[in-house]
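Since the structure comes first, as structure tokens, the remarks are kept for the end.
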Amino acid sequence: MNTLLNYLAVLAVAALLLAPALYGTARERRIDRQLRGAAAGRSEARGADRARKAQKSSSRSTVPSTAT
0 MNTLLNYLAV LAVAALLLAP ALYGTARERR IDRQLRGAAA GRSEARGADR
50 ARKAQKSSSR STVPSTAT
């Protein structure tokens, strides 16, 4: 019985020591995923801007002229 309690005490101390490190690692991975997603969205937006600038004049919408 004494051995079991000692084993459980060691496991409890190990869990208390590892919990903050594991929580921090999980948080860092979540932040990294968010940063990668934001960077990917930004690069896609840049590609769309380039595509918009590369449009031909015939593909642009026209505004009727009011000059007579």
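Quick note: the sequence shown uses numbering that gives the first Met the number 0, first residue 0, plus one each step. Glycine included, every Cβ here is placed at the ideal spot set by N, Cα and C. Keep in mind that this is a model prediction, so the values were computed, not measured.
query	result
Given this structure, state the Cα-to-Cα distance separating L17 from I30, to the nearest angstrom.	20 Å
Out of curiosity, what's the CA-to-CA distance linking R11 and N5?	Reading the sequence as shown, one finds Ala at residue 11 and not Arg. Using only the alpha carbons, I get a separation of about 10 Å.
Grouping DSSP H, G and I as helix and E and B as strand, with all else coil, what is T24?	helix
DSSP on T65, reduced to helix/strand/coil?	coil
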